[in-house]
Each structure stands twice: as structure tokens, then as C-alpha cells.
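Chains as they are written, first to last, in the working numbering: chain A, 2 to 212; chain B, 2 to 212; chain C, 2 to 212; chain D, 2 to 212. Don't be surprised by glycine CBs; every beta carbon is placed ideally from N, CA and C. Only a predicted model underlies this, so the values are computations on that prediction, with no experimental measurement involved. These notes are about the structure you will find just below.
4 protein chains.
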Amino acid sequence: MRAVERAVEQPAENHPGPRPPGRPRSERARRAILQAANELLEGEGFAAVTVEAIAERAGVSKATVYRWWPNRAAVVMDGFLSTVSSEVPFPHTGHAREDIRLHMRRLTEAFGGRIGRTVAALIAEGQTEPELAEALRSRWLSVRRAEAREILELGIERGELSEDLDLEVAVDVLYGPIYYRLLVGHAPLDGDFSDALADHIFAGLGARDPA
Amino acid sequence: MRAVERAVEQPAENHPGPRPPGRPRSERARRAILQAANELLEGEGFAAVTVEAIAERAGVSKATVYRWWPNRAAVVMDGFLSTVSSEVPFPHTGHAREDIRLHMRRLTEAFGGRIGRTVAALIAEGQTEPELAEALRSRWLSVRRAEAREILELGIERGELSEDLDLEVAVDVLYGPIYYRLLVGHAPLDGDFSDALADHIFAGLGARDPA
Amino acid sequence: MRAVERAVEQPAENHPGPRPPGRPRSERARRAILQAANELLEGEGFAAVTVEAIAERAGVSKATVYRWWPNRAAVVMDGFLSTVSSEVPFPHTGHAREDIRLHMRRLTEAFGGRIGRTVAALIAEGQTEPELAEALRSRWLSVRRAEAREILELGIERGELSEDLDLEVAVDVLYGPIYYRLLVGHAPLDGDFSDALADHIFAGLGARDPA
Amino acid sequence: MRAVERAVEQPAENHPGPRPPGRPRSERARRAILQAANELLEGEGFAAVTVEAIAERAGVSKATVYRWWPNRAAVVMDGFLSTVSSEVPFPHTGHAREDIRLHMRRLTEAFGGRIGRTVAALIAEGQTEPELAEALRSRWLSVRRAEAREILELGIERGELSEDLDLEVAVDVLYGPIYYRLLVGHAPLDGDFSDALADHIFAGLGARDPA
DNA sequence: GATTAATCGAGACGGTACGTCATGTCTTAGC
DNA sequence: GCTAAGACATGACGTACCGTCTCGATTAATC
Chain A
2 MRAVERAVEQ PAENHPGPRP PGRPRSERAR RAILQAANEL LEGEGFAAVT
52 VEAIAERAGV SKATVYRWWP NRAAVVMDGF LSTVSSEVPF PHTGHAREDI
102 RLHMRRLTEA FGGRIGRTVA ALIAEGQTEP ELAEALRSRW LSVRRAEARE
152 ILELGIERGE LSEDLDLEVA VDVLYGPIYY RLLVGHAPLD GDFSDALADH
202 IFAGLGARDP A
Chain B
2 MRAVERAVEQ PAENHPGPRP PGRPRSERAR RAILQAANEL LEGEGFAAVT
52 VEAIAERAGV SKATVYRWWP NRAAVVMDGF LSTVSSEVPF PHTGHAREDI
102 RLHMRRLTEA FGGRIGRTVA ALIAEGQTEP ELAEALRSRW LSVRRAEARE
152 ILELGIERGE LSEDLDLEVA VDVLYGPIYY RLLVGHAPLD GDFSDALADH
202 IFAGLGARDP A
Chain C
2 MRAVERAVEQ PAENHPGPRP PGRPRSERAR RAILQAANEL LEGEGFAAVT
52 VEAIAERAGV SKATVYRWWP NRAAVVMDGF LSTVSSEVPF PHTGHAREDI
102 RLHMRRLTEA FGGRIGRTVA ALIAEGQTEP ELAEALRSRW LSVRRAEARE
152 ILELGIERGE LSEDLDLEVA VDVLYGPIYY RLLVGHAPLD GDFSDALADH
202 IFAGLGARDP A
Chain D
2 MRAVERAVEQ PAENHPGPRP PGRPRSERAR RAILQAANEL LEGEGFAAVT
52 VEAIAERAGV SKATVYRWWP NRAAVVMDGF LSTVSSEVPF PHTGHAREDI
102 RLHMRRLTEA FGGRIGRTVA ALIAEGQTEP ELAEALRSRW LSVRRAEARE
152 ILELGIERGE LSEDLDLEVA VDVLYGPIYY RLLVGHAPLD GDFSDALADH
202 IFAGLGARDP A
């Protein structure tokens with residue numbers, strides 16, 4: 002098990018078994034660290050989230066941080082995930098197009114605030130830290146993608162969408178433009194954009210039959 | 002004019018006018034710095050591109066680097082742009098859908114190598130350096146976007162695409178998924194993806210008429 | 002307590018008391034730094050004693066030097082003092098004039114070598130660093146001055162010297178000319194000078210009674 | 002001729018001879034440089050007197066400074082000497098002891114202000130720059146010493162002082178303590194000190210006849 | 001009046017060292 | 001066996017001056 006993943010474990014397992022010897026891990030320290038990371042990220046941006054600052058603000062030693070997380074990005078991600086569990090719930094209108102429009106809208110709105118800043122920072126850090134990128138994919142992205150895929154699958158079942166759809170590619174089409182604006186910042190991420198996006202995607206960019 | 006942009010000026014102006022006083026800037030040093038940045042990026046990745054390393058490899062003092070660029074990312078961007086001028090030229094088949102498919106394919110292929118790694122690194126750095134992000138938008142992205150927009154406009158003129166198209170949003174739909182895969186890395190960036198992408202986009206995800 | 006003074010503390014206190022928390026200071030590093038400073042000073046002169054050079058020669062990081070000393074001059078002073086503790090001991094012939102002549106001679110001889118060069122360098126640095134000047138006064142000069150004062154006091158007690166003597170001024174008369182030659186270098190610092198000095202001082206420059 | 006000395010030459014020679022070809026040296030620049038050095042020294046201390054700062058304040062290029070002076074200390078000394086020519090004139094009361102007392106008093110008073118700070122700074126710099134030390138000796142110290150020697154010689158001629166006096170040593174006795182306090186700063190440099198000094202020196206530290 | 005030659009300003013250059021910061025590792029004592 | 005405290009080696013940061021250099025412009029004296 003990699004360090005990034007180990008750190009991610011739920012702190013309290015369901016069937017504890019024979020407690021290991023020695024002083025048990027401090028739950029207080031763990032929480033203080035994650036909270037400090039969150040506050041720093043919110044208050045001063047990713048650059049200010051140093052392990053040093055986290056430790057000081059959490060009233061914890063650096064060694065304690067490093068014992069449980071491999072680097073600052075892992076801490077930030079844990080801190081981030083500890084606050085967003087299923088913050089973007091699943092819409093069910095019965096119509097795939099509408100469900101997707103709503104889903105995209107919620108993500109867009111979420112990306113307008115703290116969540117967007119954090120996700121952008123994590124993706125950025127992931128460029129130089131493969132483990133972090135992997136963790137982000139498995140713990141954040143794949144959850145959202147699974148939701149979108151589920152909506153699409155329901156749409157196909159109901160005959161609203163073509164059976165030829167490549168689900169992976171389709172999900173990229175839905176999410177790609179949103180992440181693109183998030184990361185590149187060339188235009189605002191708002192509800193108008195989200196709606197226009199859904200329209201254009203489902204309209205096939207208004208392409209007439211090529212025949 | 003900001004420092005990032007100033008550094009970017011073409012070294013030789015068309016109508017030089019009255020040369021400014023003082024020792025002129027060393028063209029040799031400028032080139033050596035950009036080349037060193039490129040080589041380091043290629044050889045050892047973005048993390049290895051420190052100002053210190055650039056200066057040493059270029060046989061230049063750190064002060065000279067800092068005199069002309071505000072930070073390493075700006076150097077990397079200049080170095081990058083000095084090698085890619087119109088590396089992704091404009092296709093003209095006479096059919097918008099085909100032009101776009103080709104355009105997307107070329108970008109996808111370019112992103113599979115050095116260019117992709119560099120663009121990803123620059124976008125990542127841009128998350129914490131607004132000036133760099135702005136420079137990347139104005140000097141790399143907007144050029145590509147303008148090309149895509151031009152293709153779309155031609156398609157509208159020829160009646161191949163709907164007149165209702167919001168060009169900005171449409172360009173986001175085309176580019177977004179590619180940048181998304183580039184930055185998130187959840188699936189490969191290859192010709193198959195590029196083609197599938199074009200198909201799905203123009204097919205409107207296979208949506209039946211919602212009526 | 003000022004940094005300069007703190008750094009100067011004896012490493013081993015007599016009654017240690019409750020050891021402070023955290024990793025203890027590395028005695029090995031402390032010694033290596035002082036030795037490196039001494040060697041550099043001896044070998045290449047004060048100008049070569051940069052913090053960078055000290056750190057490298059001592060196999061220590063710059064940060065460790067800066068953690069304990071505010072600047073290179075403070076290191077040099079500590080290094081210097083660690084080698085000279087009571088190197089100019091107290092003479093006791095029973096005659097004030099003779100004791101003083103010997104005391105001056107020993108100082109003059111000491112100033113002819115390493116000690117003289119170092120003291121001169123430290124006084125010079127002290128011109129721009131008040132803390133260093135203060136440290137030099139309290140840790141080097143006042144020790145020597147106290148010795149001279151003691152000799153003079155004994156001489157007064159024995160009736161060899163006038164009771165009207167202003168001890169501070171008298172000590173300045175004894176030491177002043179030696180430091181003057183040390184720092185200005187207009188004439189050699191040797192035993193002949195030292196003896197002639199003592200003679201002239203006690204002879205009152207050969208002044209006839211002004212009456 | 003050394004650079005330090007060359008720079009020191011009087012700007013206008015008495016018998017100009019065949020003026021050399023080319024643009025003559027700018028008297029305006031020379032003066033502005035010396036004045037800038039003086040002002041900086043007065044206003045912000047020796048550390049602030051960098052060649053860069055002098056050049057900027059004087060509205061002159063660094064190259065012009067370096068063309069005429071080898072380093073900042075030489076500039077400072079020239080600037081200093083250009084303001085103090087025989088500022089401590091010769092007293093003539095007809096009595097050696099009194100002349101000397103007055104002479105010492107004037108020097109002590111002068112050392113209480115700008116002159117003292119400058120001389121101290123120059124002596125300090127002289128520790129690492131032999132040329133500067135030599136220039137200071139020949140252009141400042143030897144002038145004052147000659148004055149003192151002359152007073153002493155007159156005193157000997159008049160029978161007020163012993164014929165056995167070693168003039169060099171005697172001058173060291175007079176000046177040494179003053180420079181000592183100037184450079185070490187352990188006690189104030191004022192009229193009281195100066196007078197007490199003269200008393201103690203002429204009284205031979207109150208020594209009873211050793212016989 | 002043109003030529004020659006040294007000076008001047010401006011400011012870029014290769015260097016060196018500065019003092020700071022965060023990294024991730026370690027060493028200790030205490031709980 | 002965790003924890004806090006904090007020292008440690010490492011390495012890059014961005015800054016400040018150093019003393020040198022390369023320009024075009026200026027200023028006389030000479031041709």
C-alpha cells in the first residue's frame with residue numbers, strides 16, 4: 002500500500018481487532034492537521050500551505066505530519082475530501098438530458114468557490130507528483146465520473162441516448178470543458194456557461210447531417 | 002507592460018528607432034537561457050528547471066535571468082514558445098467537421114510529447130502565478146482558440162453549422178476534453194480518443210430529439 | 002539576551018537543570034564551525050571568512066550557522082575566544098612598574114601574531130556592528146583591562162603609584178598606544194616598543210616639574 | 002604611482018604643461034562624487050557608501066567612479082580629506098605641556114563628530130585594504146603626528162622636555178589613548194578625558210621615583 | 001570644419017555572498 | 001509507540017554590489 006493511500010484510510014476501522022501496542026494515534030492531532038490545512042488553503046492560498054505552517058497552526062510537530070502523510074499535497078487532499086463527501090448529489094428527474102444539465106450545473110457552481118480552487122491546486126500539484134494525481138483520480142474524479150456515467154447509462158436504457166455512446170469519451174465531453182475553464186481561466190465558470198455547454202453538447206454543435 | 006510580457010518581445014524590432022542608452026542586451030545570453038530552460042525541461046522535468054540550474058547551464062549569472070524574467074515559469078514559457086511558433090497549422094479540407102477533426106487530432110498528437118508536458122506544467126504553475134496564467138492564455142491558448150474559431154465561422158458561413166452557435170462555448174467543447182485528459186491523465190491522449198471525441202461532439206452524444 | 006551573547010554561552014552549564022525539549026544542539030557542529038572560522042581566518046584572512054565558506058569547511062549547513070550566530074563576525078569572535086582564554090596571564094614581581102612592563106610586553110608580543118590580526122579585524126568589524134563591538138568589549142577588552150587595573154591598584158596600595166590615579170584613564174594610557182599601532186600600523190609592535198612605551202609613560206614624557 | 006595615490010592628486014596642477022588630447026576630466030563629476038560620498042557617510046553610515054549609491058546620488062555612472070578611484074574606501078577618504086584640510090590647527094602658547102593639552106583637546110573634540118566616525122571607518126577598512134591604510138597614514142595621520150612632534154621638539158629645545166625623548170613613542174603615547182577610545186568605544190571621548198589624559202601622561206602615572 | 005581621442009551617461013554582464021525559507025530526516029524526553 | 005519540540009543537511013530562493021564591459025553622445029584640441 003502506498004503512503005498516499007495509507008493516509009487515506011478511515012481512522013476508525015469497523016472491526017478493530019487486537020489494538021497494537023504503544024501509544025495510539027492521536028485523533029485530535031489528525032483532525033487539527035486536516036483543519037489547519039483547510040484553513041490555510043482557504044485563507045492564504047495553496048502556496049501558504051506548507052507543512053511547517055500546518056504543523057504550527059495545528060499545534061503539532063512536523064514529524065507527526067510526515068508520519069502520516071507523505072507531503073503537503075496529500076494532507077491538503079485529505080483535508081479537502083473530509084469536507085466534501087458527496088457534496089454534489091445525484092439528480093433524478095427521469096430525463097437524462099435534464100439530469101446531466103443539473104449535474105453539470107452543480108459542479109460548475111461548486112467550482113466557483115473553495116472546491117474549485119482546491120481541485121485546481123491539486124491537479125496542478127499532481128503534474129509533478131504522480132502519487133497525488135493517482136489519489137485525486139481515484140478519490141475525487143472517479144466518483145464524479147461514475148455518477149455521470151450512471152446518468153448516461155440510464156439515458157441509454159430509456160432510449161434517450163444512443164447505444165453507440167462511448168461512456169468514457171462522453172463523460173470527458175461533459176466534464177472536460179468545465180475543468181478546462183477552471184484551470185485555464187479564460188472565461189467565467191457560471192450557470193450560463195453550464196447551460197450553454199449542455200445545450201451545445203446535446204445539439205452536436207448544431208451540425209447538419211454531413212450527408 | 003508587465004515583466005512577463007516585456008521579456009517576450011521580439012528581440013529584433015522592425016523599425017529599431019533610436020537605440021536606448023547603455024550596453025545593449027546580450028542576444029547570446031537571451032538565447033542561451035531559453036535553450037537551457039528547454040533542455041532542462043526536456044531532460045529532467047519541470048522540477049529541475051530552477052533559475053540556478055538555468056543560469057549555470059547557460060553560462061549566465063542568476064542576476065541576468067532575473068533581470069529579464071520574473072521567475073522560472075516565465076523563462077520556461079518563453080523557451081517553449083520560441084520552439085512552437087505555428088507548429089499546429091491550419092487544415093483546410095473545405096468541410097468544417099473534417100477540418101476540426103484534423104485540428105483536434107494534431108493538437109492531441111502534439112500533446113502526447115514535449116508540448117503536452119510543457120503546457121501541462123505551465124497551466125499548473127499558472128494556478129499560483131496569475132501573470133503566468135495570463136501570459137499563457139494570451140500567447141498560447143488564444144492563438145489556438147482563434148484558429149478553431151475561424152474554422153467554426155467558416156462552417157457557419159457554409160451552412161454546415163448552426164448560426165446559433167456560441168463560438169466561445171463551442172471552442173471550449175472542442176478543446177476542453179483534450180486539456181482535461183492532458184491534465185488529469187485518467188485515459189490516454191491518442192488519435193482514437195481524438196476521433197471518438199469529434200464523433201461524439203458532432204453527434205450531440207447521440208441524443209434523440211427531446212421533443 | 003542578545004544573539005551574540007547567547008551563542009557565546011558555555012556549552013556545558015554547571016547545573017544543567019531540566020534539559021529543554023527537542024533535539025539538543027549538536028556539539029560536534031558547534032565545534033566544527035568555530036574551528037573552521039579559525040582556520041579560515043588564519044589561512045586566508047578575514048575577507049575569506051564568509052558564512053558560506055565556514056559552513057562548507059565545517060560540513061555544516063548555512064542555516065545551522067545562522068541559527069546560532071547572527072553574522073560571521075560573531076562566529077569569528079567565538080572562535081577566537083575559544084582559543085585564547087587567559088593566554089595573557091598575570092605577572093607578579095611585587096613591583097607595579099615591572100608588572101606593568103611585563104604585562105604590556107606580553108600583550109605586544111601576542112599582538113604580533115594571530116591574536117593581533119584577529120583583534121584588529123574584530124575591532125574593525127565592530128565599527129559597523131554595535132553588538133559585536135559590545136561583545137568584544139565585554140568578553141575580551143574588559144578582561145585585560147581588569148588585569149591592568151588590578152596591577153595598578155596593588156601599586157597604589159604599596160605606595161608605588163599616586164593615590165590620585167584615575168584608573169580608567171591610566172589603563173587607556175597603557176593600552177592605547179599598543180592598540181594604536183596595531184590598528185594603524187605606522188610602526189612595528191615589538192618588545193623594544195613595549196619597553197620604550199613603559200619607560201616614557203612612567204617618566205611622564207620626561208617632563209620637568211612645570212613649577 | 003598607485004591608483005589610490007593617483008586619485009588623490011590635486012585636480013589642478015600648477016604647471017599644466019601640454020594638456021593631453023581627448024575630452025578632459027569632468028570637474029563637476031569629481032566634485033559630485035566626493036560630495037555624494039560625504040553625504041552618504043554622514044547620513045547612513047559607512048555601510049551605505051556603496052559605489053552604486055555614490056554613482057546614483059552624484060548623477061554619475063559607476064564607470065566614472067571606477068575610472069578615478071580603485072574602490073569605495075578611496076573615494077571616502079578623498080571626500081573626507083577634501084573637507085578637513087588643517088581643521089586642527091597648531092596651538093602656540095609657548096609652553097609644550099599647554100600646547101599639547103590644547104592639541105589633544107582639539108583632536109578629541111573633532112573625534113566626537115563626523116571626523117571621528119570617518120576616521121574610525123577608514124581605519125577599519127584599512128585592516129583589509131593595505132593601500133587604503135597606507136594612504137590614510139600618509140595623508141591624515143602623518144600630518145597630525147608631524148604637528149605633535151613639532152610641539153614636542155620645541156619643548157625639548159626650550160628645556161621643558163627631556164632630550165632623551167623618543168619622539169615616535171612619545172607621539173604614540175599622546176595619540177594612542179584617543180584612537181583607542183575612538184575605535185573601541187568603552188568610554189566617552191570628551192574634554193574631561195582629554196585633560197585627564199594629558200595630566201596622567203605628564204605626571205608619569207604619578208610614579209614615585211623607583212629608586 | 002573634420003578628425004581624433006578620451007570622457008561621460010547609461011546600463012547589461014558574470015560573479016559572489018548574502019540571509020531566508022521549506023524540505024524531509026533526525027534525536028531527545030515525556031506521556 | 002506515539003508525541004512535541006526543535007536541530008540538522010540540503011538546496012533554491014531573490015537581492016545587493018562588486019568590478020568589468022559595451023554602447024552612443026559629448027567635448028576639446030589638432031589637423
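Cβ atoms of residue j and residue i: under 8 Å apart, would you say?
| i | j | result |
| --- | --- | --- |
| Leu153/A | Leu168/A | yes |
| Gly80/A | Ala38/A | yes |
| Met78/C | Leu137/C | yes |
| Ala125/C | Ala125/D | yes |
| Leu183/A | Leu175/A | no |
| Gly205/C | Gly160/D | no |
| Leu198/B | Met105/B | yes |
| Gly192/D | Glu135/D | no |
| Ile116/D | Val85/D | yes |
| His96/D | Ala171/C | no |
| Leu41/D | Thr119/D | no |
| Asp196/D | Arg68/D | no |
| Asp1/D | Tyr180/C | Outside the modelled stretch of chain D, which goes from 2 to 212, sits residue 1/D, for which no answer is possible. |
| Val185/B | Leu108/A | no |
| Leu82/A | Arg146/A | no |
Applying the 10 Å Cβ sphere with the 16-neighbour rule, what's the burial state of residue i?
| i | result |
| --- | --- |
| Ala74/C | buried |
| Glu130/D | buried |
| Arg98/C | buried |
| Trp70/D | buried |
| Pro178/A | buried |
| Gly156/D | buried |
| Pro21/D | exposed |
| Ala59/A | buried |
| Arg29/A | exposed |
| Arg31/B | buried |
Leaving out five residues before and five after residue i in sequence, what residues of the same chain have Cβ atoms less than 7 Å from its Cβ?
| i | result |
| --- | --- |
| His93/C | Asp100 |
| Phe91/D | Glu148 |
| Val66/D | Ile34, Val52, Ile55, Ala56, Val76 |
| Met2/C | Note on Met2/C: pLDDT 38, under 50, position unreliable in the model; the coordinate value appears next. Same-chain partners within the cutoff: there are none. |
Given residue i, which residues of its chain have a CB within under 6 Å of its CB, disregarding the five upstream and five downstream residues?
| i | result |
| --- | --- |
| Phe194/B | none |
| Ala122/A | Phe47 |
| Gly1/D | Past the boundaries of the shown model lies residue 1/D; chain D is included only from 2 to 212, so the question cannot be answered. |
Which same chain residues end up closer than 8 Å to residue i when comparing Cβ atoms and leaving out the 5 residues on each side of it in sequence?
| i | result |
| --- | --- |
| Gln128/B | Ala134 |
| Glu164/A | Ile157 |
Start-end ranges of the alpha helix (DSSP H) lying completely within the region 46–110 of chain B, minimum 4 residues: Correct list: 52–59, 63–69, 73–85.
Chain A contacts made by the region 121–133 of chain B, where a contact means CB separation under 7 Å: Ala121, Ala122, Ile124, Ala125, Gln128, Thr129
Interfacial residues, the region 166–177 of chain C to chain D, with Cβ spacing under 7 Å: Leu166, Asp167, Glu169, Val170, Ala171, Asp173, Val174, Tyr176, Gly177
Members of the region 137–170 of chain D near chain C, C-beta cut-off 9 Å: Leu137, Arg138, Leu142, Ser143, Arg146, Leu153, Gly156, Ile157, Gly160, Glu161, Leu162, Ser163, Glu164, Asp165, Leu166, Asp167, Glu169, Val170
Interface residues of the region 70–81 of chain B facing chain A [CB-CB below 8 Å]: Near chain A, meaning a CB-to-CB distance below 8 Å, no residue of the region 70–81 of chain B qualifies.
Proximal residues, the region 181–197 of chain A versus chain B, C-beta separation under 8 Å: Tyr181, Arg182, Leu184, Val185, Gly186, His187, Ala188, Phe194, Ala197
Segments assigned beta strand (DSSP E), at least 3 residues, entirely inside the region 124–165 of chain C: none
Interface positions of the region 103–116 of chain C facing chain D (Cβ-Cβ less than 8 Å), listed along the chain: none
Contact list for the region 45–56 of chain A against chain B, Cβ threshold 9 Å: Gly46, Phe47, Ala48
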